[in-house]
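Trainee:
Residue numbers (UniProt numbering), protein chains in the order written: chain A, 1 to 266; chain B, 1 to 266.
1) Could you check if residue 40 of chain A is buried or exposed, using at least 16 other CB atoms within 10 Å of its CB as the buried criterion?
2) With a threshold of 9 Å between beta carbons, is residue 109 of chain B in contact with chain A?
3) State yes or no: is the beta carbon of residue 36 of chain A nearer than 9 Å to at least one beta carbon in chain B?
4) Taking three-plus beta-carbon pairs below 8 Å as touching, is the stretch 133-149 of chain A in contact with the stretch 213-222 of chain A?
5) Using the beta-carbon of each residue, which ones in chain B are nearer than 7 Å to residue 71 of chain A?
6) Can residue 193 of chain B and residue 201 of chain B be called in contact, C-beta distance under 9 Å?
7) Quick check on residue 213 of chain B - is its C-beta less than 9 Å from some C-beta in chain A?
8) Can a CB atom of chain A be found closer than 9 Å to the CB of residue 220 of chain B?
9) Using 10 angstroms around the beta-carbon of residue 179 of chain B, count the other beta-carbons present and answer buried if the total reaches 16, otherwise exposed.
10) Apply the 10 Å Cβ neighbour rule to residue 7 of chain A and answer buried if 16 or more other Cβ atoms are within range, or exposed otherwise.
11) Select from the stretch 222-242 of chain A all residues with a C-beta closer than 7 Å to any C-beta belonging to chain B, and list them in chain order.
12) Which residues bound the alpha helix (DSSP H) around residue 99 of chain A?
13) If you count every other CB in all the chains shown that lies within 10 Å of the CB of residue 173 of chain B, and 16 or more means buried, which is it?
14) How long is the line joining the alpha carbons of residue 35 of chain A and residue 116 of chain A, rounded to whole angstroms?
15) Verify the CB distance criterion: does residue 196 of chain A have a CB-CB separation below 9 Å to chain B?
16) Out of B:64, B:74, B:9 and B:100, which one is the CA nearest neighbour of residue 231 of chain B?
17) Are the stretch 228-248 of chain A and the stretch 82-101 of chain A touching, with three or more C-beta to C-beta distances below 8 Å?
18) Quick one: give me the first and last residue of the alpha helix (DSSP H) that residue 69 of chain A is part of.
19) Identify every run of the alpha helix (DSSP H) within the stretch 204-260 of chain B, keeping only runs that are complete inside it and at least 4 residues long; order them along the chain.
20) Can you list, in chain order, the residues of its chain with a C-beta nearer than 8 Å to that of residue 71 of chain A? Leave out the 5 residues immediately preceding and following it.
21) Going along the chain, which residues of its own chain have a beta-carbon closer than 7 Å to the beta-carbon of residue 43 of chain B, five neighbours each way excluded?
22) Along the alpha helix (DSSP H) that carries residue 147 of chain B, what are the first and last residues, could you check?
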């Protein structure tokens, strides 16, 4: 995100301050907030003070600021995310119990993957993924699934963009990624090995709505060394299909409950 | 919450609009938002439009508004909640796997319980609890635990306030609640039966930080009819102690990572 255009309205300034935390940094100093938000220090100081008084930000004793619990609480009411999460959770529990690996649920937002939920146990391979974080489409199991089923213009934008290397075996060649994505569309699942995190492999499967459109992806993330991905595939695709049926039943006639604008900025 | 004092600053108005959704209503019309936020329609219209353009709110095709995914994403960075959740999740998974009942994690915010995480499976008793929701202290397993270990002034405020009946066996008598809370402090766990939801029973146990202070509560919610709460107690207290140890190890020397202000408005 980096430095932004200077916001004009006060509401724009407030959103710019809150957006400064969207990158996942736990704490920011006042001057870091102002630099990211494109605000003069005096304006930033006043608005940050108001947001802290309202519980939207919290002032840490060392003088830095972090997102406040009130912000979390209001954000947790977002139906596009929490509606999907509520339906998915029992299926994710089943998957976790069957495999004891990390279970991830993600949606696409513009050209990135947004992690909506993640379950992990004491025995799961450590992964850095956090709920609310965005990840690249081309290096993750959920991402490849969402990329394979994205509108053509999204796919071409990703293929034309920079394919960053995140781990030893990230696909950084557009031609290879195109073939991989076509394979995912044909086979109905995606596989990664050491593409996002060294030592971690994943399988991803699509979650569809009542119209058969892919609206989310479910994945299992396991140790590359010990994971038998063919063994993980049957429970994964079973859970993804069960969730798709729930989604179709629950949201039939209420398509607006699910976020319409998947190309929106995450 | 209801109608509020009219906010003066623009940042205050923006927060009032977002706070209008804190009660858990999925969708609000513009006039409902303005009424709750104490704003004239013209002001509300302009600010809601800006918030929707920024992804903080989403406009549903029927013309109502709901919390947007961007708000969820920024809120999910709140360390006071998500740090605790990340540490708790593996222990909650273990508990779910051992019992297949609802597993809840909660903290106290002022005179209410704030639900931080909830796991449930396909076989768990249906409960209405949502993540991000606040519940009464006196009718829930997590609430009784948090009440038993709250500062005296919090406890007295709850005992002096109205003890609402939420289900057949809610404790609505201050003297009875005082004896119950003393029992919870002595025994180290809390029990409810048909006090919040008819048909649901719960056991709750305290989660402590490095100083032994109770900072959260963990609970199992099961069917009143079939639940053997004495059977649920050993896995629950085991998980609560394991989480307390993790908390102490992880947050030693970083007490500021955990929210200092537990009396803040949730």
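All C-beta atoms, glycine included, are put in the ideal place defined by N, C-alpha and C.
Mentor: Once the coordinates are examined:
1) exposed
2) yes
3) no
4) yes
5) 74, 75 and 78
6) yes
7) no
8) no
9) exposed
10) buried
11) none
12) 79-99
13) exposed
14) 29 Å
15) no
16) B:100
17) yes
18) 69-75
19) 229-251
20) 18, 55, 56 and 57
21) 13
22) 141-148
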